[in-house]
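Using full-length UniProt numbering, you'd call the opening residue of the sequence shown number 1 and step up by one each time. Ideal placement from N, C-alpha and C gives every residue a C-beta, glycine not left out. Heads up: the structure comes next, in structure tokens.
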Amino acid sequence: MSEPMIVLEGLTKSYGKHRGIENISFSVNSGEVFGFIGPNGAGKSTTIRTLMGLLKPTGGCASIFGLDCGQYAAEIAKDVGYLPSENCYYNDLKVREMLQYTADLYGMDCNSRMEELAERLNLDLSRKIQDLSLGNKKKVGIVSALLPSPKLLIMDEPTSGLDPLIQQTFYEILREENKRGMTVFLSSHVLSEVQKLCDRVAILREGKLIDVQSMEELRGNGYKKISLTTKEPIMKGFFSIPGVANLKQGQECTSASFMFSGNTMTIMDKLHQLKLEDIFIEEPSLEEIFLHYYE
Ligand SMILES: Nc1ncnc2c1ncn2[C@@H]1O[C@H](COP(=O)(O)OP(=O)(O)OP(=O)(O)O)[C@@H](O)[C@H]1O
Numbered sequence: 001m002s003e004p005m006i007v008l009e010g011l012t013k014s015y016g017k018h019r020g021i022e023n024i025s026f027s028v029n030s031g032e033v034f035g036f037i038g039p040n041g042a043g044k045s046t047t048i049r050t051l052m053g054l055l056k057p058t059g060g061c062a063s064i065f066g067l068d069c070g071q072y073a074a075e076i077a078k079d080v081g082y083l084p085s086e087n088c089y090y091n092d093l094k095v096r097e098m099l100q101y102t103a104d105l106y107g108m109d110c111n112s113r114m115e116e117l118a119e120r121l122n123l124d125l126s127r128k129i130q131d132l133s134l135g136n137k138k139k140v141g142i143v144s145a146l147l148p149s150p151k152l153l154i155m156d157e158p159t160s161g162l163d164p165l166i167q168q169t170f171y172e173i174l175r176e177e178n179k180r181g182m183t184v185f186l187s188s189h190v191l192s193e194v195q196k197l198c199d200r201v202a203i204l205r206e207g208k209l210i211d212v213q214s215m216e217e218l219r220g221n222g223y224k225k226i227s228l229t230t231k232e233p234i235m236k237g238f239f240s241i242p243g244v245a246n247l248k249q250g251q252e253c254t255s256a257s258f259m260f261s262g263n264t265m266t267i268m269d270k271l272h273q274l275k276l277e278d279i280f281i282e283e284p285s286l287e288e289i290f291l292h293y294y295e
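In structure tokens form, the structure reads like this:
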């Protein structure tokens with residue numbers, strides 16, 4: 001069993017009267033790719049900034065590498081690559097100079113890695129930061145976080161603003177780095193992204209942790225998505241049986257879609273009673289599995 005690399009215990013941060021995050025507890029193991037997911041305003045950035053020691057918690061505590069995040073922020077930062085949700089750069093610098101500055105901070109010679117990452121992400125090292133598009137600025141942040149080959153990578157919404165092809169390259173890079181031993185903690189409000197990359201995911205809503213699940217658990221919860229049309233109207237309450245969720249019926253009552261988890265024979269018996277015109281039984285997307293968390 002691998003050691004926890006990040007531990008949050010009852011972590012709370014309020015901004016005066018405004019809620020930030022409340023009583024968040026979970027841990028991220030060494031070697032994991034861990035997703036942190038929630039809609040806008042859920043508290044992802046607040047949590048990450050607290051982990052980086054940029055915000056002081058108003059309750060609870062957090063540690064990275066066994067060190068308290070507030071007290072040992074500088075010590076921790078030596079082994080962490082961090083991509084904030086919004087980056088502030090020295091606009092006058094060229095991309096290469098900016099990245100060299102990062103390498104110097106870590107006291108490392110990262111030239112060949114800089115060239116390689118920039119080439120893969122299609123980032124022009126000779127341009128001035130101020131002339132870059134938002135997406136290209138994001139790439140500077142990504143390269144900067146990856147540059148020192150940190151033990152732990154913490155990224156806040158890394159792919160927002162990146163075009164789909166570059167996103168794919170970014171996912172490849174993360175997978176390779178993870179194989180070589182880098183632990184990854186990333187926040188996102190895009191489930192498909194988390195689905196592609198992560199081993200486990202923490203689900204956040206309105207500042208509170210709702211659940212922590214492995215991708216296998218999420219996938220293996222047995223839900224099937226069933227959509228059907230019938231030749232005759234379906235009676236009201238026909239699908240009021242255990243295991244049916246998110247039922248939606250058409251106005252004419254000749255179509256229905258729902259999620260089902262339970263005994264296959266029970267639902268097959270039910271379906272058998274209908275004069276079916278068409279039926280689709282599919283694996284639901286993560287979005288659909290997650291829906292009930294946010295309803
Ligand atoms: N400096 C601040 N002062 C007051 N309230 C804040 C401050 N920063 C964040 N909040 C509040 O804390 C809550 C969590 O915000 P946070 O930015 O952490 O969420 P998020 O999940 O990262 O969302 P997004 O994806 O939109 O960045 C929100 O209700 C937000 O309004």
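Subject >> Assigned secondary structure, Asn246 (DSSP; H/G/I helix, E/B strand, else coil) >> reply: To locate residue 246, count along the sequence shown from 1; it is residue 246. It is a strand residue.
**OP:** List the DSSP bridge partners of Gly59.
**Re:** In the sequence shown, the residue the question calls residue 59 occupies position 59. Paired residues: Thr12.
**OP:** Determine contact between the segment 40 to 50 and the segment 106 to 113, defined as no fewer than three beta-carbon pairs at a distance below 8 Å.
**Re:** No: fewer than three Cβ pairs fall under 8 Å.
Original post:
Can you list, in chain order, the stretches of the beta strand (DSSP E) that have 3 or more residues and sit fully within the segment 36 to 103?
Top reply: Qualifying beta strand (DSSP E) stretches, in chain order: 59 to 64 and 80 to 83.
Subject >> Segment contact flag, the segment 120 to 129 with the segment 90 to 100, C-beta cutoff 8 Å, min 3 pairs >> reply: Touching, yes, given that three or more Cβ pairs across the two stretches are closer than 8 Å.
Original post:
Taking the Cβ atom as the reference point for each residue, do Gly243 and Phe260 lie within a distance shorter than 8 Å?
Top reply: Position 243 of the sequence shown holds residue 243. Position 260 of the sequence shown holds residue 260. In this structure, Gly243 places its C-beta atom within 8 Å of the C-beta atom of Phe260.
Original post:
CB of Asn111 to nearest heavy atom of ligand 1: below 7 Å?
Top reply: Reading the sequence shown from its first residue, position 111 is the one you call residue 111. Checking the Cβ of Asn111 against ligand 1 gives no.
Subject >> Reduced DSSP category for Pro4 - H, G, I as helix; E, B as strand; rest coil >> reply: To locate residue 4, count along the sequence shown from 1; it is residue 4. Note: Pro4 maps to strand in three-state DSSP.
Original post:
For ligand 1, any of its heavy atoms closer than 7 Å to the Cβ of Arg175?
Top reply: In the sequence shown, counting from the first residue as 1, residue 175 sits at position 175. Not under cutoff, so the answer is no.
**OP:** Decide if Pro148 is buried, meaning its Cβ has at least 16 other Cβ atoms within 10 Å, or exposed.
**Re:** Locating residue 148 in the sequence shown gives position 148, counting from the first residue. The C-beta of Pro148 has 16 or more other C-beta atoms within 10 Å across all chains shown, which makes the residue buried.
Original post:
Looking at C-beta atoms only, is the number of pairs between the segment 171 to 191 and the segment 25 to 45 that lie closer than 8 Å three or more?
Top reply: In the pairwise beta carbon analysis, the segment 171 to 191 is classified as touching the segment 25 to 45: at least three pairs are separated by under 8 Å.
**OP:** Starting from Thr229, trace the beta strand (DSSP E) both ways and give me its first and last residue.
**Re:** Locating residue 229 in the sequence shown gives position 229, where the first residue counts as 1. Per DSSP, the continuous beta strand (DSSP E) segment holding Thr229 begins and ends at Lys224 to Thr230.
Original post:
For the alpha helix (DSSP H) that Met155 lies in, which residues bound it at each end?
Top reply: Reading the sequence shown from its first residue, position 155 is the one you call residue 155. Per DSSP, Met155 belongs to no alpha helix (DSSP H); it is in the beta strand (DSSP E), Leu152 to Asp156.
**OP:** Look up Met182 in the DSSP assignment and say whether it is helix, strand or coil.
**Re:** The count along the sequence shown starts at 1 and reaches residue 182 at position 182. Met182: coil per DSSP, three-state reduction.
Subject >> CB of Leu152 within 8 Å of CB of Val80, strictly >> reply: Residue numbering aside, residue 152 sits at position 152 when the sequence shown is read from its first letter. Residue numbering aside, residue 80 sits at position 80 when the sequence shown is read from its first letter. Cβ atoms of Leu152 and Val80: closer than 8 Å.
Original post:
In chain order, what are the residues with a CB under 6 Å from some non-hydrogen atom of ligand 1?
Top reply: Proximity to ligand 1 was defined by a C-beta distance below 6 Å to any of its heavy atoms, and the residues meeting it, in sequence along the chain, are Tyr15, His18, Arg19, Gly20, Gly38, Asn40, Gly41, Ala42, Gly43, Lys44, Ser45, Thr46, Ser85 and His189.
Original post:
If you measure from the beta carbon of Leu162 to each beta carbon in chain D, is any gap under 8 Å?
Top reply: Absent from the structure: chain D. Only one protein chain is present.
Original post:
Hey, quick one: how far does the beta strand (DSSP E) through Asp278 stretch, first residue to last?
Top reply: Counting from one through the sequence shown, the residue named residue 278 turns up at place 278. Segment Leu276 to Glu282, the beta strand (DSSP E) holding Asp278.
Subject >> Candidates Met268, Ser240, Val212 and Met265, of which the one nearest Ile24 by Cα >> reply: Within the sequence shown, numbered from 1, the residue matching residue 24 stands at position 24. Residue Val212 holds the alpha-carbon nearest to the alpha-carbon of Ile24 among Met268, Ser240, Val212 and Met265.
**OP:** Using the Cα positions of Val201 and Glu232, report the straight-line distance between them to the nearest angstrom.
**Re:** Here residue 201 is taken as the residue at index 201 of the sequence shown, counted from 1. Here residue 232 is taken as the residue at index 232 of the sequence shown, counted from 1. Going by the C-alpha atoms only, they are around 43 Å apart.
**OP:** Less than 8 Å between the CB atoms is what I'm expecting for Cys198 and Val33, so what's the real figure, rounded?
**Re:** By 1-based counting over the sequence shown, the position of residue 198 is 198. By 1-based counting over the sequence shown, the position of residue 33 is 33. At roughly 5 Å, the Cβ-Cβ gap stays under 8 Å, so Cys198 and Val33 are in contact.
Original post:
Among the residues of its own chain, which have a CB less than 7 Å from the CB of Glu277, if the five just before and after it don't count?
Top reply: Reading the sequence shown from its first residue, position 277 is the one you call residue 277. Closer than 7 Å at the Cβ level, and outside the excluded window around Glu277, lie Thr229, Thr230 and Lys231.
**OP:** Measure the C-alpha to C-alpha separation of Ala256 and Gly262 and round it to an integer number of angstroms.
**Re:** Within the sequence shown, residue 256 is the residue found at index 256, counting from 1. Within the sequence shown, residue 262 is the residue found at index 262, counting from 1. Their Cα atoms are separated by approximately 18 Å.
Subject >> DSSP bridge partner residues for Asn29 (one or two, in chain order) >> reply: As a working note, residue 29 is residue 29 in the sequence shown. Beta-bridge partners assigned by DSSP to Asn29: Pro4.
Original post:
How would you label Thr264, buried or exposed, when you count the other beta carbons within 10 angstroms and need 16 or more for buried?
Top reply: Against the sequence shown, residue 264 aligns to sequence position 264. Using a 10 angstroms sphere on the CB of Thr264, the tally of other CB atoms stays under 16, which defines it as exposed.
**OP:** Give every residue of the same chain whose Cβ lies closer than 6 Å to the Cβ of Ala245, excluding the five residues on either side of it in the sequence, and list them in chain order.
**Re:** Numbered from 1 along the sequence shown, position 245 holds the residue referred to as residue 245. The residues are Met259.
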